[in-house]
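Residue numbers (full-length UniProt numbering): 1 to 941.
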């Protein structure tokens, strides 16, 4: 090739090679035994020229190489580099990688649990740790040259996303930022914002997967390719799948139809039988066996349920699946016993260790947030070593540590999002299937979706072929953020800083499109107005009368419904435990026994704006043995007790046998009673003077006699509908301008009212609040201020602090939580009362949880478990009484420990070395009391 070049061209090429060899990138490339991809080289070159970079690339493409180059540059230039990750497991993994490459003396680790070599030139940490450093003005920030933000797309997370923006905004200008993200569809928009707040930022987007991904559908015994093979860039859906879906949708044979007397041709029945013999959803052991026979293991099967993941492992064990030979089994046992050596035998039994080990020895495991962290880490290690070949996991694995597989299986394309079963999005599908294909090991990756009833190949093709995963800011100011900003920058500068957030950047851009829509609507309004013109009179006036009449009728209907609801609520308030009622409507309509009359009228669970209830929510046992908390919607009419029954003291709502016995007694006692039918009263509209007046005016109006009246009325209806839409758009424009700053102003006003701020001055109360991070920061500060926790023992304090962090996974349909007695119970009650006062203040200052700001009600559901564990009770007893998986228990304990640490730091500021110091001492003692057993040996990072 060089022989074809002229002498001048050869000289230029030689100079270019010499220049490249003199760069830091050339030294860095020699550290790896594989060549870098073009996007990695482009990003590293931009970094070396002093630019910040945003790298958006698929999972497994090697974008962390760019982060490691930032570490290399920092060490070469004598500067510090902070490498931030969203979760502790990722921090641990990255720390191990960097320590191995650069030496343990040059690399540190900082997480909520661990501090290792914190003054090292390279420190791996969770993003929250860096945010807290920035607000505290930590000396560790001196000499900082580079910050790597791994998984920066986490800023979309509605609970933690704001932390990423806080760090990006508040990092010193001298720091070069390296942002690593999954493939997002608006990387350029995010890059534009980074350019605005951080200076010159290069955006590098790579859509290329280093290991190609093939999509399949497993139906019955056969695995189908999702797409047809072809030369064209646009992939066509496999016609076999389309044909199967069409045949299933138009099944001609239905046994029920035959019973109705419909005749079905024998040929149709035969064809149907043949078709059904080909299409079914294979069982989980079948799927693993099929993948094994095709050479597609190791595989991760995503199931959107923790219980289903555990059940899947059991199904494979019962089916006799064995994916490991004797040598691998022995190696698994050796590794597991080494990693769990610190766990006492009695705890191993409680944790289901032996069943878990049996699965691991066979090469099968579950992976979900309910597992003990140690167990999860062992699964991850064995999977990476190839000793576990089939993992059944929830979607949290897709966001976690580096654990790629040859294949990824999705059982369903629907998941529970906390409120309803919803289709997974293209972004979620891309993230889940991104695990398939191990770079340097597999030639190709495979995504397998199981055939289900009503399966749509076109819908799956849409998910697989779309790359729409937009980055949406979840940034909202908080109380802690407000006092920290005001202390550092003053109110005016803080407001300006918040207006530079990505949230405001996106809001301002969206206003442009809305303004254009308003202009188009105004042109449409002119046209509609001309079309509704009537030669007999002012049709706009006539249309207004019609509208007023309709609005009045709607208002009266609403009043009637409201009165009926009030009557129903009043009837519910009279119910007592043991009353037998007939639930008039809803999913649980029919005979029921009242176990608990429910909460009084008002808010439930503290989610103002989310869950308003206008009456009690009785907890009932239905005749079908279900225990459910009903809502006012189940009682459209008043209900009264039909009978009375005694509820045995031994009744346990969680026990199926207990429910069965009581439901049987209920049917025997009241099954024969027929409830009275509720009769409707006379409609209010019939006697309303306003409606009578409006109807008379309508009939007297000149336009009432127009032959084209209804035609004009249709145009008038369109006019008013478009005008209403336009007004809504105008309100949206007004609402989106300076939204973040306006929310900040309301927070500052409330904090000023409560003496946390005085103008640009942060009071002693405010300084205490600045040390408390978390969702209930202001509530924690108020509890310290009012001395609520003074005089509590360490275990009692742990119980109270648990209410600041715990949030139950299930909806509020169970009985009230068990609470420790004595001082702890009184303190928890006082915390709820303080929250009520704060809640009223927030309402007054228009601070709403619907905007993601404000204090939710403290959840007391973990108080008993925290108290028992801190009191030294055994794991078996605590988990049994808490009715909670070990992984959840450990996670909540760690969060309580984290907040106790903050309280220990903040409490002394209450009154010097007085009572606050006692709270601080007890907080530290509570930390020691909680950090034992499973909690202690799970504190790996």
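C-beta atoms are modelled at their ideal positions from N, C-alpha and C, and glycine is treated no differently.
query	result
Local Cβ density within 10 Å of residue 802, reported as buried at 16 or more and exposed below that	buried
Contact check, residue 750 vs residue 845, beta carbons under 8 Å	yes
Delimiting residues of the alpha helix (DSSP H) encompassing residue 459	457–465
Residues bridged to residue 301 [DSSP beta-bridge criterion]	392, 409
The alpha helix (DSSP H) enclosing residue 492, as first and last residue numbers	479–498
Element boundaries [beta strand (DSSP E), containing residue 215]	213–219
CA-to-CA distance, residue 590 to residue 623, given in whole angstroms	8 Å
Per-residue burial, residue 99 [other beta carbons within 10 Å of its own, 16 or more giving buried]	buried
Contact with chain B by residue 235, beta-carbon distance below 8 Å	Annotation note: the requested chain B is absent from the structure, which comprises a single protein chain.
Local Cβ density within 10 Å of residue 1009, reported as buried at 16 or more and exposed below that	The structure shown does not extend to residue 1009, since the chain spans only 1 to 941, so no value can be given for it.
Sub-8 Å separation of residue 321 and residue 288 beta-carbons	yes
Residue 834 beta carbon less than 8 Å from that of residue 790	no
Proximity below 8 Å, CB of residue 53 to CB of residue 183	no
Straight-line Cα distance separating residue 126 from residue 295	38 Å
contact_flag[the segment 525–539, the segment 702–715] where n(CB pairs < 8 Å) is 3 or more	yes
Residue nearest to residue 887 in terms of C-alpha spacing, selected from 37, 377, 582, 407	377
Burial state of residue 927 (16 or more Cβ within 10 Å)	buried
Element boundaries [beta strand (DSSP E), containing residue 148]	144–149
Residue 732 to residue 435 span [Cα, whole Å]	40 Å
The ligand GTP heavy atom lying under 7 Å from the CB of residue 836	By its list of ligands, the structure shown contains no ligand whatsoever, and the ligand GTP lies outside what it can speak to.
Cβ contact check for the segment 403–416 and the segment 171–185: 3 or more pairs under 8 Å	no
Nearest to residue 539 (by Cα), restricted to the options 705, 676, 488	705
Buried or exposed (CB count within 10 angstroms, at least 16 for buried), residue 433	buried
C-alpha distance - residue 313 paired with residue 506, whole-angstrom precision	45 Å
Spatial neighbours of residue 542 in its chain, beta-carbon cut-off 6 Å, leaving aside the 5 residues before and after	701, 703
Through-space distance from residue 840 to residue 662, alpha-carbon basis	42 Å
Whole-angstrom C-beta distance between residue 896 and residue 936, which should lie under 8 Å	No, residue 936 and residue 896 are not in contact; Cβ-Cβ is about 14 Å, not under 8 Å.
For residue 723 and residue 525, the rounded distance between their alpha carbons	7 Å
Simplified DSSP assignment, three categories, for residue 182	coil
Under 8 Å between C-beta atoms of residue 82 and residue 144	yes
Contact between the segment 66–83 and the segment 217–225 (3+ Cβ pairs under 8 Å)	no
Nearest-angstrom Cβ-Cβ length linking residue 392 and residue 303, presumed shorter than 8 Å	6 Å
With 16 other Cβ atoms within 10 Å as the buried cut-off, status of residue 198	buried
Inter-residue CB distance, residue 947 and residue 758 (contact presumed, cutoff 8 Å)	No answer is possible for residue 947: it lies beyond the span of the chain, which begins at 1 and ends at 941.
Residue 549 to residue 522 span [Cα, whole Å]	26 Å
Proximal residues to residue 261 (C-beta, below 7 Å), its chain only, five neighbours per side dropped	Because the pLDDT of residue 261 is 44, which lies under 50, any placement of that residue in the model is unreliable, and the number read from its coordinates should be weighed accordingly. There are no such residues.
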